[in-house]
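Notes follow the structure.
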Amino acid sequence: MYTVTAYGRMAGSARVRVFDWLDWLGLEPRSMETYVSGSDNRLSSLVRKLPGVATAELRLRALPRRVADDTVLLSRQASPFSRGGIEDRILRAARHGVYDFDDALMLAPHSAATALWPKPLIWRKAVSAADTVVAGNEFLADSAAAFNPNVSVIPSCVDPASYPRKTNYDLSSTPRALWLGSPSTERYLDLISSALLRINSLTGLRLTMISAGAASLGSLDRIVDRVDWDPHFARHLAGADFGIMPLDDTDWERGKCAYKLLQYGAAGLPLVGSPVGANRPVLAGADGLAPETEDEWFDAMSALLRESSERREQRGMTAWAHISENYSFSAWQDKWLDTVKP
Numbered sequence: 008m009y010t011v012t013a014y015g016r017m018a019g020s021a022r023v024r025v026f027d028w029l030d031w032l033g034l035e036p037r038s039m040e041t042y043v044s045g046s047d048n049r050l051s052s053l054v055r056k057l058p059g060v061a062t063a064e065l066r067l068r069a070l071p072r073r074v075a076d077d078t079v080l081l082s083r084q085a086s087p088f089s090r091g092g093i094e095d096r097i098l099r100a101a102r103h104g105v106y107d108f109d110d111a112l113m114l115a116p117h118s119a120a121t122a123l124w125p126k127p128l129i130w131r132k133a134v135s136a137a138d139t140v141v142a143g144n145e146f147l148a149d150s151a152a153a154f155n156p157n158v159s160v161i162p163s164c165v166d167p168a169s170y171p172r173k174t175n176y177d178l179s180s181t182p183r184a185l186w187l188g189s190p191s192t193e194r195y196l197d198l199i200s201s202a203l204l205r206i207n208s209l210t211g212l213r214l215t216m217i218s219a220g221a222a223s224l225g226s227l228d229r230i231v232d233r234v235d236w237d238p239h240f241a242r243h244l245a246g247a248d249f250g251i252m253p254l255d256d257t258d259w260e261r262g263k264c265a266y267k268l269l270q271y272g273a274a275g276l277p278l279v280g281s282p283v284g285a286n287r288p289v290l291a292g293a294d295g296l297a298p299e300t301e302d303e304w305f306d307a308m309s310a311l312l313r314e315s316s317e318r319r320e321q322r323g324m325t326a327w328a329h330i331s332e333n334y335s336f337s338a339w340q341d342k343w344l345d346t347v348k349p
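Here this note's numbering is used: the first residue of the sequence shown is 8, the next is one more, and so on.
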């Protein structure tokens, strides 16, 4: 088996969709192509790694000659400088070519970089070339099915045993919400900033943010406690009173895979999230709250803080059970193996 990602283990999608599965199943691929093994493929970063970039491009071009008798699992794209040709050649050359994606890449926003290396074109060529496509949710699967009849849905998964579980649901003198995510998704907090600030003024609520980002959040800065993301981030989750995942309601967000909610639930936190795309079934099964407007967000978070500790515990335990039964590696490992390594 060969795996092909444009990033190394520290990048969220590659870690969740590929490396975590390899670790869970104890698989050792014949080769793991990770481009330059980083988590940042912006041009400003790659120009400082030109020898590594040249080596990675040469390796990728040689790969189709090496994979004819083996399985290839390719996640999202092979190279940041691709127009889909290298992904097409690798997947078609493999005995069993599997293309995995977990974002609405077919709707990637336009920029100067995407004009040269368009993600929708890469996505379409990879989906068309693969023997099997693995999509992170039903919306993504429906999009891929227009170009390939062999599409399976496998959600992004968590291992609840690796998350310290919340045991005390009593509120402290300073209630605490939690947000976990990448710097690119911090902008969604602006959707509920007024609600968070209103609750802070009434209850002293603070927001723990676990992220690699450091940008200002404007008026939210005064109630935010930032925690730098690292591989041991899970130890911070159980100290919060609930986890939040606000989203816009567009097709781009419908391509997201509710991973924040899965992580909160794995730690036994009550969930509050926008009922958009994959969030909707997670919230429904986890006894989560699903506000749509900012006023509803204020009402939902305020209600959680007014509930008894027993009710918050019930929500947290329901979330933990729902995630364990429906979104864990153990729940999906047979399907993953049947799909990726038939």
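Heads up, the beta-carbon is just placed ideally off N, CA and C, and yes, glycines get one too. Note that the structure is predicted; figures quoted are calculated from it, not measured.
Out of P116, L290, Y106, the CA that lies nearest to the CA of A265 is found in L290. Two segments are said to touch when three or more pairs of C-beta atoms, one from each, lie closer than 8 Å; by this definition the segment 243-253 does not touch the segment 140-156. With 16 or more other CB atoms across the displayed protein chains lying within 10 angstroms of its CB, H103 is buried. By DSSP's assignment, H117 forms no beta bridge with any residue.
In the structure shown, G59 adopts helical secondary structure according to DSSP, grouped into three states.
Across the structure, A63 and T121 are spaced so that their CA atoms are roughly 20 Å apart.
Two segments are said to touch when three or more pairs of C-beta atoms, one from each, lie closer than 8 Å; by this definition the segment 73-87 touches the segment 122-133. For H329, the enclosing alpha helix (DSSP H) starts and ends at 316-333. Put simply, of L212, G246, R242, F240 the residue whose alpha carbon is nearest the alpha carbon of V231 is L212. As computed with DSSP, F108 is found in a beta bridge with A142. Between the alpha carbons of D255 and D149 lies a distance of about 20 Å. In the three-state reduction of the DSSP assignment, Y42 falls in the coil class, being assigned neither a helical nor a strand state. Residues of the same chain with a CB within less than 7 Å of the CB of W236, apart from the 5 flanking positions on each side, are I217, S218, A219 in chain order. DSSP places D256 in the coil class of the three-state scheme, outside both helix and strand. For H243, the secondary structure class from DSSP, reduced to helix, strand or coil, is helix. Looking at the DSSP output, D232 bridges to T215. Counting C-beta atoms within 10 angstroms of its own C-beta, D107 has 16 or more neighbours from the protein chains shown and is therefore classed as buried. Short of 7 Å from the beta carbon of W259, and not among the five residues preceding or following it, lie these beta carbons of its own chain, in chain order: A111, L114. Excluding five sequence positions before and after G45, the CB atoms of its chain that fall closer than 8 Å to its own CB belong to Y14, G15, M17, A18, S52, K56, given in chain order.
Under the three-state reduction of DSSP, R183 is assigned to strand.
Annotation for L296: no alpha helix (DSSP H) segment contains it, and DSSP assigns it neither H nor E.
Assigned with DSSP and collapsed to three states, Y266 falls in helix.
Within its own chain, the residues whose Cβ lies closer than 6 Å to the Cβ of G275, once the five positions on either side in sequence are excluded, are R172, K173, G323, W327, listed in chain order.
Per DSSP, V54 is not a residue of any alpha helix (DSSP H), being assigned neither H nor E. Inter-residue distance for P298 and E317 is about 22 Å (C-alpha atoms, whole angstroms). Taking 7 Å as the cut-off, the Cβ atoms of K342 and T78 do not count as close.
One Cα belongs to S315, the other to L178, and the distance between them is close to 9 Å. Its chain contains A293, D294 as the residues whose beta carbon lies nearer than 7 Å to that of T325, once the 5 sequence neighbours on both sides are disregarded; these appear in chain order.
DSSP places T10 in the uninterrupted beta strand (DSSP E) bounded by 9-11.
Between V25 and T10, the alpha-carbon positions lie close to 8 Å from each other. When beta bridges are read from the DSSP output, G92 appears opposite no residue. Beyond the five residues adjoining it in sequence on each side, A338 comes within less than 7 Å, by CB distance, of E332 in the same chain, given in chain order. Rounded to the nearest angstrom, the Cβ distance from S135 to N157 is 11 Å, too far for a contact under 8 Å.
If you compare the alpha carbons of F336, Y334, W186, D345 with that of H243, the shortest gap goes to W186.
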